[in-house]
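Chains as they are written, first to last, in the numbering used here: chain H, 2 to 115; chain S, 13 to 125.
Built from N, CA and C at the ideal position, the CB exists for glycine as well.
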């Protein structure tokens, strides 16, 4: 158990809908990262937040957005969902924002878009 | 930009045999290197990481990896595998100036009795 929690574990929805994925980092971790794992794209970095501020952006679609709240939990919002958004979405956290810090991954949220 | 190549999508091996999972990376700047393992229906767990110093890195579960700058490689090895090592293994690289991990496509290690 990494100490990173993600809810829900599974999510099934229809095209065009909007969903919110939630992540609680390990106690004391200030930095949160979101990754997408899909069969065709593999594991891709989406976005990073550090202490409430956006720190780095990766291959995140404009239909996707994220935020980190004062209690340090983070939410990833996916809207106007398409079939291709079906994937496993991971959240990771680290103590600070330095590359030397280990990123601890949560168990993921499996999103299925029908 | 960085990239990672894991040439073997699947590596079958018998229990107690040695194994090497290959990883090559490409980067024009200094990088940190990582190996993560993903067991079925679970998240990723860090096996080991190279930040600096000794090029031979020891990790959890008896795994080790060697950083070779001239060959831009970071191969993962274990002298004797167990059935429980069956999993997907991901090599990843990170630019020392940024925090995003760039992953390879993964290698599925299949250990049979």
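{"Check": "Just how far apart, CA to CA, sit residue 121 of chain S and residue 49 of chain S?", "Outcome": "10 Å"}
{"Check": "Out of S:101, S:74, S:30 and S:59, which one is the CA nearest neighbour of residue 21 of chain S?", "Outcome": "S:101"}
{"Check": "So does the stretch 11–21 of chain H actually touch the stretch 80–91 of chain S, counting three or more Cβ pairs closer than 8 Å?", "Outcome": "no"}
{"Check": "Say whether chain H places a C-beta atom closer than 9 Å to the C-beta of residue 56 of chain S.", "Outcome": "yes"}
{"Check": "Report the start-end ranges of each beta strand (DSSP E) in the stretch 56–90 of chain S that is 3 residues or longer and not cut off at the edges.", "Outcome": "56–62, 68–70, 76–80 and 85–90"}
{"Check": "Which residue from S:64, S:36 and S:30 puts its Cα closest to that of residue 108 of chain S?", "Outcome": "S:64"}
{"Check": "With 8 Å as the limit, tell me which residues of the stretch 54–70 of chain H have their beta carbon closer than that to any beta carbon of chain S; keep them in chain order.", "Outcome": "56, 57 and 59"}
{"Check": "Strictly below 8 Å CB to CB, what residues from chain S border residue 107 of chain H?", "Outcome": "55"}
{"Check": "Using Cβ-Cβ distances below 9 Å, what residues of the stretch 106–122 of chain S are close to chain H?", "Outcome": "106, 107, 108, 109, 110, 111, 112, 113, 114, 115, 116, 117 and 118"}
{"Check": "Which one or two residues does DSSP pair with residue 13 of chain H in a beta bridge?", "Outcome": "H:113"}
{"Check": "Taking 9 Å as the CB-CB limit, is residue 88 of chain H close to chain S?", "Outcome": "no"}
{"Check": "Which whole-angstrom value describes the C-beta separation of residue 116 of chain S and residue 35 of chain S, a residue pair presumed to lie in contact below a C-beta threshold of 8 Å?", "Outcome": "6 Å"}
{"Check": "How about residue 16 of chain S and residue 104 of chain S: are their beta carbons less than 9 Å apart?", "Outcome": "yes"}
{"Check": "With the cut-off set at 9 Å, would you say residue 7 of chain H and residue 108 of chain H are in Cβ contact?", "Outcome": "yes"}
{"Check": "Please classify residue 83 of chain S: is it buried, with 16 or more other beta-carbons within 10 angstroms of its beta-carbon, or exposed?", "Outcome": "exposed"}
{"Check": "For residue 28 of chain S, which residues in the same chain have their Cβ closer than 6 Å to its Cβ, ignoring the five residues on either side in sequence?", "Outcome": "92"}
{"Check": "For the beta strand (DSSP E) that contains residue 112 of chain S, what are its first and last residues?", "Outcome": "Looking at the DSSP string, residue 112 of chain S is not in any beta strand (DSSP E), and its letter there is neither H nor E."}
{"Check": "Considering only the alpha carbon of each residue, which of H:106, H:78, H:42 and H:9 lies closest to residue 34 of chain H?", "Outcome": "H:106"}
{"Check": "Report, in whole angstroms, the separation of the C-beta atoms of residue 1 of chain H and residue 82 of chain H, which I expect to be a contact under 8 Å.", "Outcome": "The structure shown does not extend to residue 1 of chain H, since chain H is modelled only from 2 to 115, so the question has no answer here."}
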